[in-house]
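Novice: Would you mind keeping the following structure in view while I ask a few things?
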Amino acid sequence: MNCHNSLFARQHLPGNDVSRRWFLRECGLGVGKIGLASLLGDALFQSAAAATTAATSPIGANYPGKAKSVIHLFMAGAPSQLDLFDPKPELAKLDGKPLPPSVTSGQRLAFIRPDAAVMSSRFKFAQHGQSGAWISELLPYTAKIADDLCFVKSVKTDQFNHAPAQIFFNTGFLQPGRPSIGSWVTYGLGSMNNNLPAFVVLSTGAGVSGGAANWSSGFLPTVYSGVRFRNSGDPILNTASPRGVDDKLQRDTIDVVSQLNRLQLASVSDPEISTRIAAHEMAFRLQHSAPELTDLSGESEATLKLYGIDDIKKPSYARACLLARRMVERGVRFINIYHEGWDAHSDLAGNHGSMCKATDQASAALVTDLKQRGLLDETLVVWGGEFGRTPMVETNPTLGRALGRDHHPSAFTVWMAGGGIKPGLSYGETDDLGYQVVDKPVHVHDLQATMLHCLGIDHERLTYFYAGRHFRLTDVHGHVVKDLMA
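Below is the structure:
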């Protein structure tokens with residue numbers, strides 16, 4: 003039954019008998035209401051939704067944007083910019099010696115002392131492409147697409163621990179409760195398909211420190227939350243039909259429940275009822291669309307080889323990247339892929355060697371595949387972690403740590419491609435030790451504002467009224483980095 007609990011509690015008091023007439027009326031089972039609902043159909047729901055949830059409807063683009071979709075490749079744990087994209091010969095001269103106090107003064111570090119010894123990179127760098135981008139030997143596939151990428155080497159954040167930094171990068175705030183960028187985008191632009199969620203999340207590891215707060219809709223209606231696809235089995239839980247239930251029985255059941263929910267929506271004007279109705283409908287459609295999406299048997303051998311996929315059913319980062327391309331083709335608006343494991347407090351060389359082996363080929367293949375299919379211009383691809391790593395070594399015998407790097411929020415590198423971003427560009431610069439940004443700083447809020455700009459959204463105008471004020475992804479900060487735009 004679909005009785006409204008608060009109403010039932012208010013009416014059903016000691017000494018008050020619940021009349022048959024009241025019960026039928028308030029539980030939405032009255033013959034008159036069912037008849038009215040069948041006559042009005044979707045008009046009832048649409049008019050009620052329009053009247054009561056206008057503030058939660060997609061607001062549309064502010065101007066024509068190059069990008070229609072976003073694929074965010076989030077390297078959770080924080081890759082070392084000093085070992086992948088930002089070579090510093092000066093570190094080799096100081097290897098094993100402490101940094102000058104003037105460099106580290108006032109810096110908050112997670113695990114090491116400011117006077118920890120310097121550690122130079124153990125990897126070779128070379129310039130690649132006509133752009134001459136510096137890329138480590140750990141990323142040979144990324145090196146091949148250097149001219150398609152824009153390296154932002156001067157990114158800064160406010161957070162130096164994983165969970166708050168991940169949440170900050172994804173929501174613009176360090177604590178759970180705010181909408182993620184994927185939720186803001188789908189709130190602002192709506193969906194481009196009817197059979198798949200507009201915002202999909204894939205995770206290729208044990209889980210990120212920030213958890214589901216990274217893709218939560220926060221105070222936005224939950225219809226804008228990211229939908230997490232599982233790595234194996236049914237892509238989404240609770241979408242497979244129970245034994246003995248066919249499509250007709252399920253369709254009839256959903257229709258009856260939907261009618262009752264629409265009556266309740268018209269009565270109490272709760273936008274979460276709209277979300278519930280939409281969730282039931284999407285779940286029904288996903289029973290057919292999700293298996294088709296995740297079935298890679300139709301992909302060519304050349305495509306599978308491009309991504310480095312040997313087993314189409316085995317969960318992997320490469321498989322997730324190929325799924326992301328298939329989602330873009332089917333109109334999914336925002337896709338997050340979280341690949342955990344970059345937190346190299348010890349044995350950075352071994353850690354980053356294995357992480358790059360798992361991600362380098364597929365990341366480059368995704369950009370290449372989108373480009374050859376004519377999709378890169380309208381798809382923004384973003385690669386990076388929540389912060390960077392220190393130039394100093396982390397060595398802690400008590401914890402069994404050696405030859406690692408600590409968290410570093412003051413400077414790190416993110417690369418972007420497609421979606422209106424200028425290719426073949428290396429933007430910003432850090433000092434000779436890779437410790438501080440010295441030219442063209444890009445704060446995380448600036449990066450968020452730029453991502454929205456690529457989609458045609460003004461980050462200052464995409465707001466939602468909650469708790470007495472208008473909120474936005476970038477809060478009261480951020481500016482579009484126009485030099486990054488093609």
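Start counting the sequence shown at 3; every next residue gets the next number (our numbering).
All C-beta atoms, glycine included, are put in the ideal place defined by N, C-alpha and C.
1) For the beta strand (DSSP E) containing R155, list its first residue and its last residue.
2) Roughly how many whole angstroms lie between the Cα atoms of V225 and S122?
3) Who are P100's beta bridge partners in DSSP?
4) Report the option in T188, W385, Q261 whose CA atom is closest to the CA atom of G420.
5) Here's a check: name, in chain order, each residue in its chain whose Cβ is nearer than 7 angstroms to the Cβ of A364, leaving out the five neighbours to either side.
6) Consult DSSP for P1 and reduce its assignment to one of helix, strand or coil.
7) DSSP beta-bridge partners for G390?
8) Between which two residues does the beta strand (DSSP E) harbouring F201 extend?
9) Give the straight-line distance between the Cα atoms of K373 and L454, rounded to the nearest whole angstrom.
10) Can you tell me where the alpha helix (DSSP H) holding E303 begins and where it ends?
11) Taking the alpha carbon of A165 as the reference point, which residue from A208, N216, F414, P181 has its own alpha carbon closest?
12) Considering only the alpha carbon of each residue, which of V229, Q132, L265 lies closest to S205?
13) Compute the beta-carbon to beta-carbon distance between N163 and H341, rounded to the nearest angstrom, for a pair I have assumed lies under 8 angstroms.
14) What residue from S356, G209, V187 has the CA that sits closest to T465's CA?
15) Leaving out five residues before and five after A145 in sequence, what residues of the same chain have Cβ atoms less than 7 angstroms from its Cβ?
16) Using 8 angstroms as the cut-off, can you tell me whether the segment 112-119 makes contact with the segment 388-401, which would need three or more C-beta pairs spanning the two stretches below that distance?
17) Suppose you measure from the CA of V369 to the CA of M77; what does that come to, to the nearest Å?
18) Assign L449 to one of three DSSP states: helix, strand, or coil.
19) With C-beta atoms as the reference, is I314 less than 8 angstroms away from L295?
20) Can you check whether the CB of G422 is closer than 8 angstroms to the CB of K68?
21) What do you get for Q83, buried or exposed, if any count of 16 or more other CB atoms within 10 angstroms of its CB means buried?
22) What's the gap between the Cα of F201 and the Cα of G192?
23) Name the residue from E462, V330, A351 whose alpha carbon lies nearest to the alpha carbon of R375.
24) Assign P411 to buried or exposed, taking buried as 16 or more other Cβ atoms, counted over all protein chains shown, within 10 Å of its Cβ.
25) If you follow the beta strand (DSSP E) that D441 is part of, which residue opens it and which one closes it?
26) In chain order, what residues of the same chain lie with their CB nearer than 6 angstroms to the CB of P181, ignoring the 5 residues before and after it?
27) What's the C-alpha gap between K95 and E303?
28) From K359, S133, L350, pick the residue whose C-alpha is nearest to that of Y143; which is it?
29) Are the CB atoms of D149 and Q132 within a distance shorter than 8 angstroms?
30) Assuming P443 and G430 make a contact with CB atoms under 8 angstroms, what is their CB distance in whole Å?
31) Hey, out of G406, V416, W417, G207, whose CA is closest to S396's CA?
32) Of the choices R332, L435, C456, G108, whose alpha-carbon is the least far from that of D97?
33) Determine the DSSP secondary structure at V33, reduced to helix, strand or coil.
34) Where does I423 fall in DSSP's three states?
35) For S104, is the classification buried or exposed, using 16 other Cβ atoms within 10 angstroms of its Cβ as the cut-off for buried?
36) Would W417 and L141 be called neighbours here (beta carbons separated by less than 8 angstroms)?
Specialist: Quick look at the numbers:
1) The amino acid occupying residue 155 in the given sequence is Lys; Arg does not appear at that position. It spans 152-158 - the beta strand (DSSP E) in which K155 sits, taken as one unbroken run.
2) 47 angstroms
3) A119
4) W385
5) Y309, G310, Y319, A320, C323
6) Given a span of 3 to 488 for the chain in the structure shown, any question on residue 1 remains unanswerable.
7) H410
8) 201-205
9) 21 angstroms
10) 303-309
11) N216
12) V229
13) About 19 angstroms separates the two Cβ atoms, so there is no contact after all.
14) V187
15) H130, I137
16) yes
17) 16 angstroms
18) helix
19) no
20) yes
21) buried
22) 10 angstroms
23) V330
24) buried
25) 439-441
26) S219, G220, L222
27) 48 angstroms
28) K359
29) yes
30) 7 angstroms
31) Checking the sequence, you will find Glu at residue 396 rather than Ser. Cα-wise, what sits closest to E396 is G406.
32) L435
33) Confidence is the limiting factor: at V33 the pLDDT is only 43, short of 50, which leaves the residue's position unreliable and the question unanswerable from this model.
34) strand
35) exposed
36) no
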